[in-house]
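Residue numbers (UniProt numbering): 1 to 395. All remarks here apply to the structure that follows.
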């Protein structure tokens, strides 16, 4: 808690909304820079020892620089018209926004940490717990890596990947228990469980009461380089991701969400490896949020070998849970009823977006949560996924 509380000293504005406290923390004092591999990290920004917003605005340049924007954006299929025209709406924006040279961080409270199995495990996935694999589908002994988890996802492999772009439909699924979670996300992957060297970069939305103490749909990110064992975390809870955006709180609630047979909402996610600096940048909608430095990875310091898109639910007994994935309805119901991910693209070694080849589908229990894929001129490569969880036919 000492490291968490230390952020409050560098807070210039705090905003309370919907049970969250959002602290505006000076960008140079965010958790990422506690990482031993980032002690000498170079970023492009002004830095001054100030305690008021007025002093911040009058800040003079120092020798410390921050990288605020990527050197290159991907080309190819991607262009400005593909970016969502709907800005991300977060409840705390109604009360204010963070000033320049600060970033919004959702405050971690003592009771949040105490809900975790241990202080060291707070904000982390269970070891060897996270990605859908063929092994988990065919009942291989190594499928213990995903015990308690069910997935319905699409996967592309067999090449070197330098990022992905996809548009993810927003929902607020119902959970059976507060110990469950449900999400929709993309995974960028290198390494393996077997070597305990799995590297992942992840982003999407989730409903996760154990982490946030509510059932709101929230923007999240994750990373690991040791198969979810002792590195990585959600959002900005630990060192790693460097946020550069002063408007979007990672871990904050997002709205509006889609309604069954009603209005549909989605958000573009774009993650790519900057060809010049090697950092993995994240853009959500039209907002450039920041980056994962390549130095914190092993396999992903070069490239990814697998990219996945889809949904996941977790329950201590996933085979018996009625926790919904996506809209809570099966993919065959289609648009406005089932959850989708559309305009799925990958980034090649030339920093160009293209449609993925050889997409495979993964679903451990298709009678509970399933996935279907397709392609069209409007949606490109897409999937519908989800389901109600436990049902009379689920076995």
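Cβ atoms here follow ideal geometry from the backbone N, Cα and C, with glycine treated the same way. As the structure is a prediction and not an experimental result, all values here were calculated from the model.
Residues in its own chain within less than 7 Å of residue i by CB, not counting five upstream and five downstream?
{"i": "residue 180", "result": "313, 314, 315, 321, 323"}
{"i": "residue 196", "result": "226, 227, 229"}
{"i": "residue 414", "result": "With the chain covering 1 to 395 only, the question about residue 414 has no answer from this structure."}
{"i": "residue 177", "result": "315"}
Would you decide whether residue i is buried or exposed? Buried here means 16 or more other CB atoms lie within 10 Å of its CB.
{"i": "residue 186", "result": "buried"}
{"i": "residue 220", "result": "buried"}
{"i": "residue 335", "result": "exposed"}
{"i": "residue 276", "result": "exposed"}
{"i": "residue 144", "result": "Its pLDDT being 46, under 50, residue 144 is placed unreliably by the model, and the measurement read from it follows with that caveat. When all chains shown are included, residue 144 counts as exposed."}
{"i": "residue 212", "result": "buried"}
{"i": "residue 19", "result": "exposed"}
{"i": "residue 390", "result": "buried"}
{"i": "residue 72", "result": "exposed"}
{"i": "residue 75", "result": "exposed"}
{"i": "residue 150", "result": "buried"}
{"i": "residue 164", "result": "buried"}
Considering residue i, what are the terminal residues of the alpha helix (DSSP H) in which it resides?
{"i": "residue 211", "result": "209–212"}
Could you check whether residue j and residue i sit closer than 9 Å to each other, using their CB atoms as the reference points?
{"i": "residue 328", "j": "residue 385", "result": "no"}
{"i": "residue 182", "j": "residue 358", "result": "no"}
{"i": "residue 306", "j": "residue 291", "result": "no"}
{"i": "residue 283", "j": "residue 156", "result": "no"}
{"i": "residue 242", "j": "residue 89", "result": "no"}
{"i": "residue 339", "j": "residue 184", "result": "yes"}
{"i": "residue 31", "j": "residue 374", "result": "no"}
{"i": "residue 274", "j": "residue 160", "result": "no"}
For the beta strand (DSSP E) containing residue i, name the first residue and the last one.
{"i": "residue 347", "result": "339–347"}
{"i": "residue 124", "result": "No beta strand (DSSP E) holds residue 124; DSSP gives it neither H nor E."}
{"i": "residue 312", "result": "304–314"}
{"i": "residue 106", "result": "102–106"}
{"i": "residue 257", "result": "Careful: residue 257 lies outside any beta strand (DSSP E) and carries neither H nor E."}
{"i": "residue 352", "result": "352–354"}
{"i": "residue 222", "result": "218–224"}
{"i": "residue 24", "result": "20–26"}
{"i": "residue 283", "result": "280–284"}
{"i": "residue 268", "result": "266–273"}
{"i": "residue 92", "result": "Note, residue 92: premise wrong, no beta strand (DSSP E); not H, not E."}
Going by beta carbon distance, what residues of the same chain come within less than 6 Å of residue i, once the five residues before and after it are set aside?
{"i": "residue 342", "result": "167, 379, 382"}
{"i": "residue 387", "result": "325, 330, 368, 369, 370"}
{"i": "residue 232", "result": "223, 224"}
{"i": "residue 98", "result": "24, 104, 246"}
Output needed for residue i: all residues of its chain with C-beta closer than 8 Å, excluding positions within five of it in sequence on either side, in chain order.
{"i": "residue 257", "result": "170, 171, 172, 217, 265"}
For residue i, which option in the options has the closest C-alpha, if you only look at C-alpha atoms?
{"i": "residue 162", "options": "204, 248, 234, 294", "result": "294"}
{"i": "residue 261", "options": "333, 174, 95", "result": "333"}
{"i": "residue 346", "options": "302, 271, 361, 317", "result": "271"}
{"i": "residue 286", "options": "297, 192, 302, 267", "result": "267"}
{"i": "residue 300", "options": "188, 13, 101", "result": "188"}
{"i": "residue 27", "options": "251, 17, 68, 14", "result": "68"}
{"i": "residue 317", "options": "190, 251, 365, 73", "result": "365"}
{"i": "residue 122", "options": "337, 234, 204", "result": "234"}
{"i": "residue 244", "options": "208, 174, 288, 273", "result": "288"}
{"i": "residue 13", "options": "296, 92, 33, 70", "result": "92"}
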